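First up is the structure itself, then whatever we jot down about it.
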Amino acid sequence: MHKRLLLFLIGLVLTTTISAQLALKTKNFSMEISPKGEILKMVDAGSGMNYVPNGRPGQLLRIKSANKEINPQLVKVRGKLLTLSYGNGIELQVTAKETADYIKFELTKVVGKEKIEAIFWGPFNTTIKDTIGEVVGVVRNKNFAIGMRSLNAKTIGGKLSNEEGVTSPSASIAGSAASAEEFGSAMQAFAINQSLDRVIKVWHHHNNCPVPGLKEYKLEGSAIAIFGTSPANALTTMGRINKTEGLPFPVIDGAWTRATRITGRPYLITDFTEETFDDLLSLTERLGFYSIYQEHPFDTWGHFDLNKQQFPNGRMGMKKLVEKATSKNIRVGVHTLTNFITTNDPFVTTALNSGLMAAGTSNLSADIDETATSIVVDGYEYFAQGSTLNSILIGNEIIRYQEVSKEKPYTLINCVRGAFNTKPAVHKKGEQVKKLMDFPYKTMFPNWEMQQQLIKNMAGFFNETGVSHMDFDGHEGACYTGRGDYAENYFADEFLKSVKHIVVNGSSIINHFYWNHNSYINWGEPWYASFRESQSEHRFRLQPFFERNYMPNMLGWFLVNADTQVEDVEWMMSVAAGYNAGYALVLRHNAYKKNPNLDKIIETIVLWEEAKNLGIFNTEQRMALKNPGNDFQLRKLANKEWSLAHYDKVKFNHPKKVLQPGEPTHTRFDFNNSGESQKIQLQLLVAGEEDAEVANIELEIDNFLRISVPVTMKKGQTLVWDSSKEMKLYSDKGSLIRKINIEKELPEMSQGKHSILIDAGSMTGGEPVIKGTVKLKGKVEKIQL
28 MHKRLLLFLI GLVLTTTISA QLALKTKNFS MEISPKGEIL KMVDAGSGMN YVPNGRPGQL
88 LRIKSANKEI NPQLVKVRGK LLTLSYGNGI ELQVTAKETA DYIKFELTKV VGKEKIEAIF
148 WGPFNTTIKD TIGEVVGVVR NKNFAIGMRS LNAKTIGGKL SNEEGVTSPS ASIAGSAASA
208 EEFGSAMQAF AINQSLDRVI KVWHHHNNCP VPGLKEYKLE GSAIAIFGTS PANALTTMGR
268 INKTEGLPFP VIDGAWTRAT RITGRPYLIT DFTEETFDDL LSLTERLGFY SIYQEHPFDT
328 WGHFDLNKQQ FPNGRMGMKK LVEKATSKNI RVGVHTLTNF ITTNDPFVTT ALNSGLMAAG
388 TSNLSADIDE TATSIVVDGY EYFAQGSTLN SILIGNEIIR YQEVSKEKPY TLINCVRGAF
448 NTKPAVHKKG EQVKKLMDFP YKTMFPNWEM QQQLIKNMAG FFNETGVSHM DFDGHEGACY
508 TGRGDYAENY FADEFLKSVK HIVVNGSSII NHFYWNHNSY INWGEPWYAS FRESQSEHRF
568 RLQPFFERNY MPNMLGWFLV NADTQVEDVE WMMSVAAGYN AGYALVLRHN AYKKNPNLDK
628 IIETIVLWEE AKNLGIFNTE QRMALKNPGN DFQLRKLANK EWSLAHYDKV KFNHPKKVLQ
688 PGEPTHTRFD FNNSGESQKI QLQLLVAGEE DAEVANIELE IDNFLRISVP VTMKKGQTLV
748 WDSSKEMKLY SDKGSLIRKI NIEKELPEMS QGKHSILIDA GSMTGGEPVI KGTVKLKGKV
808 EKIQL
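Residue numbers (my numbering): 28 to 812.
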C-alpha cells in the first residue's frame, strides 16, 4: 500500500503543471521559462544581468494553425521534457538539454500535426541593441553575447514573413534570425509543415501555386540551441555547437572555415580552357591567389556537360587541370546557377521534363493534333502570368505560346509546337497542361523530385573532376520549388554532403543555416559601370554586415580588361587593405595578353596583399584606406619599411551656362598643391541625363597654357590626362575608346596655389555637367614594422 502511494505521489509530482519557473543553465548563462512557456530570464552568470526586457517576455514555442499564431495554453514538465498544449487537440513535446556551452531545445513529438501550418521558436527578446547579427542570430554588446542557432536545415532562422518561408529575398534584405526591436533585439526561428499540400504565392509573382506535401517530412526533430557568453567567445562557442550537434563544420588546412582567413582571400575569375590553362594558372600563382575559377564552363545546366570547345577532353580533361593546380596548392572553381536548367539540357529536351516545376496546371478543353497552333484550356490565371519563355508542358511536349485570350474559351494563341527539341504530339481532351516556371536567363526550374537528381548530377561532376570551388549563384532559384529557405538549405546541405572533398563556396544570398556551410559572400559585380563605380555603394555598405555576422570581408568582383590602369587597381587594393577584405579579380585571357600594364598591376596587387597580410596599417590608416574617395600609393622601401603616399583630390563642376552675349562661359577653379613639385592628374567625367553630350573642351592652366581637346564625350565617358601630350577617353564601363594627341605637355606644378579654367564649345542634351577631379600626391607616411 505504501509503495503504491509513493509511486502515485512521484507520478503526481512529475506530471504536474509547473507552478514555478523552469530554470536551465550553462557555465556562463541561464534561462527561466514560465508556466505559460514565456522566456522570463536570460542571464549573464558573471554579472547577474537579466537581458529580457521588462514586460516583454519572449516565448519558447508557438504555432500557426488556421492562419493564426497561437501561444501555448498549458505547459507541463517532466524532468527535462516539456509538454505544451495549444487547444483543438494540438500538443507538442520539447526536450531540453543543458550543456556547458548551450541549452538545446528539440521538438520530439507532435500531436495534431495536420492542423499545424508552422511552428515558431521564440521570439527570444533581449535588451541588447549594440550589434545585431541578423543572419547568424547573435546579438551582443561590449559585455555579453546571446545567440540562437538552428540545429538542422528544416529549422529556419528568421521571421516567417511570407507563405513560402523566404527570409532573404534579396542581397539587400539579408535575414531576421536576429532583429532590431524597439526594446532592443529578438532572435527567432520557424519550421513550415512541409508535409501538407499547400497553394501559395511563390517567389514574388507566381500566385496560387500548388506545392504538394512531402510525405517524408516531419516537424519532429526541429531544434535550436541558445547560448550566452562573452562577445570574444561567441564564435568559438558556435563552433563547439556545430561539432557537438553534427552541424556542418568544414575544415580547411586544419581550421574551421569560419575561424580562418583562407576563405576571405582574393581569387581569380577567368575564362581558362584546356589550351590556356597553363598561362592563367601561372598568373594565379604570380598573384598569390588560392583559386582559379572558370566563369562559364558548361554547355548545359542540369546535367553539367562541359563546353566542348573549351574542354575537348571533357571531365577527364578538367580533372587533369585540377591535378596540375593542386600540385601548386591552388584550387579550381567553376560557375553555374544552382538549380537553373538550360533549355538544351536533357531535363528539358527528353522525357525527363515531366519533373520541371510548374506554376500551376489546367486541362485541355479539346483534342489537338501535332500541328495545332491554338490550344484551348480550362483555366486562365496561370497562363496569363508574366514569363520569359511562355512555355507549357503537355505529356512530354513543350509548347510556347504568344498569349492567352482573356475571355472563354481560354485559348493559347500562336503556339510553337515541339519547342526545345521536344516532339509535337497528339493530345486528348482532359490531359493536364502545366505552365512551366522560367527565368529571364531563359532557363527553367526542377520540381522537388527532379532537384534531387540535379543535386546528384552536380555532385557527380565535382567528384569526378576534383573541382573544389563554386558559388551557389542564383541560390534563390531553389525557392521556385515553393519551399523557401528550407529548399535553399536542403540544396546546399545535400550537395556538400554528397561531394567527397571540401568545396569552398559563396552564394547569391545568405541565410541562417546555410551560414554554416558558406565560405564567403562576395557581392558586387563589375558589369554596370567603370572599375571604381560599378555597384560601389552596395559593396561598401555590405562590409559592416559581414563583420556583425562573423563573415570575412569581401569587396565583390572587379574587372581588369585590356585598358585597366594601375591607379585603379591600387585604389581597389587600398580599400581592400582598409577592410582587410578579399575580392575576385576578373581577368580573362585576352586582357592577360593585351593589357600593357599587367606586370605593374600584378606587382601592385602582390605588394598590397603582403602589406595587408602583415597587418602593417594602424587603425587611423585603415580608416583612411576604407574611404573609397581616397587614393594612395604604397611602396616597399626595405624589408621592414614601407611608405604610404596620400593623394589629395580636388573636385569641381562645370555646368552648361546660359549668359549674356560675350560673357565668358568658362569655370575657374583654384587648388593648392600641398606636396612636392609634381605633374597633376586630371579626370573629366560627363554627367547629366541620358542624352547629355559635351564637345571641344578647352583648358587653361595657371593663366599661361591653353589646351584644346578635339573630343566629343557622352554621358558616363571619362577623359584622363596625366599631364603628358596624350589624353585617354574611356567608356562608361572603363574601356579605352581612343587616345587624343594634344601636342602639349604640362610642366611640373610647384608647391602652392594653381588654377584651371575649363570650357566647352558645345554642351547639349539634358543637364550636361563636366565633373572634374585633380589628383595630387600629398603627405607621405613612413611605416616601420
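Ideal Cβ positions, reconstructed from N, Cα and C, are used throughout, including at glycine. Just so it is clear, the structure is predicted and the values come from calculations on it, not from any experiment.
Contacts around residue 728, its chain only, beta-carbon distance under 7 Å, and the 5 residues preceding and following it disregarded: Locating residue 728 in the sequence shown gives position 701, where the first residue counts as 1. The residues are 773 and 783.
Proximity of residue 745 and residue 710 at Cβ, strictly below 8 Å: Start at 1 with the first residue of the sequence shown, and residue 745 comes out as number 718. Start at 1 with the first residue of the sequence shown, and residue 710 comes out as number 683. The answer is yes: Cβ separation under 8 Å.
Assigned secondary structure, residue 739 (DSSP; H/G/I helix, E/B strand, else coil): If you number the sequence shown from 1, residue 739 lands on position 712. Three-state result, residue 739: strand.
Chain C contact for residue 337 (CB, 8 Å cutoff): Of the protein chains in this structure there is only one, and it is not chain C.
Under the three-state DSSP convention, the category residue 73 falls into: One-based indexing of the sequence shown puts residue 73 at position 46. Here residue 73 sits in coil by DSSP.
Under the three-state DSSP convention, the category residue 153 falls into: Taking the first residue of the sequence shown as position 1, residue 153 is located at position 126. Residue 153 falls in the strand class under three-state DSSP.
Outcome for residue 799 when other beta-carbon atoms lying within 10 angstroms are tallied against a minimum of 16: Mapped onto the sequence shown, residue 799 falls at position 772. With 16 or more other Cβ atoms within 10 Å, it is buried.
Where residue 44 falls, given that 16 or more other Cβ within 10 Å makes a residue buried: One-based indexing of the sequence shown puts residue 44 at position 17. For residue 44, the predicted model reports a pLDDT of 46, less than 50, meaning its position is unreliable and no value from the coordinates is stated.
Cα-Cα separation, residue 258 to residue 188: Translated into positions along the sequence shown, residue 258 becomes position 231. Translated into positions along the sequence shown, residue 188 becomes position 161. Whole-angstrom Cα-Cα distance: 29 Å.
Reduced DSSP secondary structure (H/G/I, E/B, other) of residue 384: Position 357 of the sequence shown holds residue 384. Residue 384 falls in the coil class under three-state DSSP.
Three-way DSSP call (helix, strand, coil) for residue 237 in this model: Within the sequence shown, numbered from 1, the residue matching residue 237 stands at position 210. Strand.
Check whether residue 591 and residue 536 have beta carbons under 8 Å apart: Numbered from 1 along the sequence shown, position 564 holds the residue referred to as residue 591. Numbered from 1 along the sequence shown, position 509 holds the residue referred to as residue 536. Not a contact, by the Cβ cut-off of 8 Å.
Neighbourhood of residue 601 by C-beta, 8 Å cutoff - its chain only, sequence neighbours within 5 removed: As a first step, residue 601 must be located in the sequence shown, where it is residue number 574. Excluding residues within five positions, the ones whose Cβ falls inside 8 Å are 635, 652, 657, 658, 659 and 661.
6 Å Cβ shell around residue 25 - same chain, five flanking residues per side excluded: Residue 25 is absent from the structure shown; the chain starts at 28 and stops at 812.
Selected residue, minimal CA-CA separation from residue 505, among 538, 166, 598 and 93: Sequence index remark: in the sequence shown, residue 505 carries index 478 (1-based). Measuring from the Cα of residue 505, the nearest candidate turns out to be 538.
Spatial distance of residue 324 from residue 494 (CA atoms): Within the sequence shown, the letter at position 297 stands for residue 324. Within the sequence shown, the letter at position 467 stands for residue 494. Cα to Cα, the separation comes out at about 12 Å.
Residue interval of the beta strand (DSSP E) (run including residue 662): Taking the sequence shown and counting its residues from 1, the one referred to as residue 662 is at position 635. Counting along the chain, the beta strand (DSSP E) containing residue 662 begins and ends at 658-665.
Validate contact between the segment 118-128 and the segment 175-190 using beta carbons, cut 8 Å, 3 pairs: no
CB contact flag (residue 439, residue 472, <8 Å): Against the sequence shown, residue 439 aligns to sequence position 412. Against the sequence shown, residue 472 aligns to sequence position 445. No; because the gap between Cβ atoms is not below 8 Å, this pair is not in contact.
One or two residues paired with residue 697 in a DSSP bridge: On the sequence shown, residue 697 is found 670 positions in, with the first residue counted as 1. Bridge partners of residue 697: 782.
Per-residue burial, residue 71 [other beta carbons within 10 Å of its own, 16 or more giving buried]: Walking along the sequence shown from the start, residue 71 turns up at place 44. Burial call: buried.
Test item: CB-CB of residue 674 and residue 569 under 8 Å: Within the sequence shown, the letter at position 647 stands for residue 674. Within the sequence shown, the letter at position 542 stands for residue 569. For residue 674 and residue 569, no; Cβs fall outside 8 Å.
Backbone CA spacing between residue 147 and residue 131 [nearest angstrom]: The residue you call residue 147 lines up with position 120 of the sequence shown. The residue you call residue 131 lines up with position 104 of the sequence shown. Distance between the alpha carbons of residue 147 and residue 131: 15 Å.
Between the CA atoms of residue 414 and residue 467 - distance to the nearest angstrom: The residue labelled residue 467 in the question sits at position 440 within the sequence shown. The residue labelled residue 414 in the question sits at position 387 within the sequence shown. Rounded to whole angstroms, residue 467 to residue 414 spans 8 Å at the Cα level.
Candidates 620, 230, 99 and 225, of which the one nearest residue 241 by Cα: The residue given as residue 241 occupies position 214 in the sequence shown. With distances taken between Cα atoms, residue 241 lies closest to 225.
Residue 550 - DSSP class collapsed to helix/strand/coil: Here the question's residue 550 lines up with position 523 in the sequence shown. Residue 550: coil per DSSP, three-state reduction.
Proximity of residue 114 and residue 86 at Cβ, strictly below 8 Å: Numbered from 1 along the sequence shown, position 87 holds the residue referred to as residue 114. Numbered from 1 along the sequence shown, position 59 holds the residue referred to as residue 86. Taking 8 Å as the Cβ cut-off, residue 114 and residue 86 do not qualify as a contacting pair.
First through last residue of the beta strand (DSSP E) which encompasses residue 413: Position 386 of the sequence shown, counted from the first residue, corresponds to residue 413. From DSSP, residue 413 is part of no beta strand (DSSP E); its letter is neither H nor E.
Residue 794 classed as buried or exposed, judged by whether at least 16 other C-beta atoms fall within 10 angstroms: For the purposes of this step, residue 794 is identified with residue 767 of the sequence shown, where counting begins at 1. Result: exposed.
Residue 207 - DSSP class collapsed to helix/strand/coil: Looking up residue 207 in the sequence shown gives position 180. Correct three-state label for residue 207: strand.
Residue 161, DSSP secondary structure in three states: Locating residue 161 in the sequence shown gives position 134, counting from the first residue. The answer is coil: DSSP assigns residue 161 none of H, G, I, E or B.
C-beta contact flag for residue 608 and residue 581 at 8 Å: Translated into the one-based positions of the sequence shown, residue 608 becomes position 581. Translated into the one-based positions of the sequence shown, residue 581 becomes position 554. Result yes, Cβ atoms of residue 608 and residue 581 sit closer than 8 Å.
7 Å Cβ shell around residue 698 - same chain, five flanking residues per side excluded: If you number the sequence shown from 1, residue 698 lands on position 671. The residues are 677, 781 and 801.
Helix, strand or coil at residue 291 [DSSP, three-state]: On the sequence shown, residue 291 is found 264 positions in, with the first residue counted as 1. Here residue 291 sits in helix by DSSP.
Residues near residue 516 in its chain [Cβ-Cβ closer than 8 Å; skip 5 each side]: Within the sequence shown, the letter at position 489 stands for residue 516. Answer for residue 516: 180, 181, 183, 538, 540 and 541, listed in chain order.
Residue 17 and residue 94 closer than 8 Å at C-beta: It is not possible to answer for residue 17, since the shown part of the chain is limited to 28 through 812.
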